[in-house]
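Asks:
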Amino acid sequence: GSGDVKYHLGTYIERLNRVTNKNIRLAVVANPSHLEAVDPVVQGKTRAEQFYRGDGEGKK
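Position one of the sequence shown corresponds to residue 1 (full-length UniProt numbering), numbered consecutively onward.
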């Protein structure tokens, strides 16, 4: 809504990992009014990212 702090809506940024010379993405998911509800959302988002990147076992 209009009264939300901008990060309550979620955001991400990509940065270069200078050790591996690869880009990494840091993400903050939308912040619900009941904070305990965010855990399954983060787990689902992580699992989806792994799946679409070809990491079916979650090891990459």
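For glycine and all other residues, C-beta sits at the position ideal for the given N, C-alpha and C.
1) Taking just the CA atoms, how far does THR11 sit from ASN21?
2) In the DSSP assignment, what residue or residues form a beta bridge with TYR12?
3) For residue 67 and GLU49, what's the separation of their Cα atoms in angstroms?
4) State the beta-bridge partners of ASN17 as determined by DSSP.
5) Can the beta-carbon of ARG18 be found closer than 9 Å to that of LEU26?
Replies: In brief:
1) 23 Å
2) ALA27
3) No answer is possible for residue 67: the residues shown for the chain start at 1 and end at 60.
4) LYS22
5) no
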